[in-house]
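The structure appears right after this line, and notes come after that.
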Amino acid sequence: MPGLIDAHGHLSNLGGLLTGRLALMDTRSFAEVVDLVKARAAKAPPGEWILGGRWDQANWGQKEYPTHEVLSAAVPRHPVWLTRVDGHMGLANLKAMELAGISRSTADPAGGEILKGPDGGPNGLFVDNAVDIVISRIRAAGAGFAERVLAAQAACLKAGLTSVHDAGVATSHLDAYRALDDGR
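Per our numbering: the sequence shown = residues 415 to 598.
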């Protein structure tokens, strides 16, 4: 039976949204994003990561990107990581930056940038390869990669996708994919 092939997908991101990460694509303001994060944090034990994605400040009627200050004040006891809709940027609150060891003196990684505020300190925005600094801390906290991929797989199969090329897979995820392929 013929099936559809998706040549550019992000299975773990899709799976994250299907397994409880905050879906922020329909938000109409940063204040709404902060309220959703705050509500999720109220139900989570202190220190648990609050994760979300697909925010787009253009949907909020603004060109400026949000920064961490309001988010950090609203959710100080939970590390927060919110990926932008394009996947090339993420916003971290102060707690997440502390856990990732980010400070004013942290150098930009090759191929990435830690954006700075007017005071020269990190403003919470990480671009391209800099997102890996925060994401590596989330992985260390046991983010359930296999669970996310299996949830995405089920959704793709339900939609008629029989093959998906997962774009931008981290080297650390290759072993997880191999284990899933081996049935482990």
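Backbone N, C-alpha and C fix where the C-beta goes; we use that ideal spot for every residue, glycine too. Every value quoted in this text rests on a predicted model; they were computed, and no experiment measured them.
Exercise for review: Report buried or exposed for Met511, applying the criterion of at least 16 other Cβ atoms within 10 angstroms of its Cβ.
Suggested key: buried
Exercise for review: Give the secondary structure of Glu478 by DSSP, where H, G and I count as helix, E and B as strand, and everything else as coil.
Suggested key: coil
Check your understanding: Are the Cβ atoms of Pro480 and Gly574 separated by less than 9 Å?
Key -> no
**Study point:** Residue ranges of each alpha helix (DSSP H) within the region 425-469, 4 or longer
**Key:** 425-432, 444-456
Review point. First and last residue of the alpha helix (DSSP H) that includes Val578?
Key: First-last for Val578: 575-580, but that is the beta strand (DSSP E), not the alpha helix (DSSP H).
**Study point:** Residue from Phe444, Ser426, Gly534 whose Cα sits closest to the Cα of Ala472
**Key:** Phe444
Practice item. For my contact list, Leu450 and Leu465 are in at a C-beta cut-off of 8 Å; report their separation, rounded to the angstrom. Key: Wrong, their Cβ atoms sit about 12 Å apart, outside the cutoff.
Review point. Since Leu513 contacts Pro490 with CB under 8 Å, what's their CB separation in whole angstroms?
Key: Contact doesn't hold; Cβ gap of about 13 Å is too wide.
Exercise for review: Compare the beta carbon distance of Val499 and Asp470 with 9 Å and say whether it is the shorter of the two.
Suggested key: yes
Exercise for review: Please report how far the alpha carbon of Gly525 lies from the alpha carbon of Ala544, in whole angstroms.
Suggested key: 8 Å
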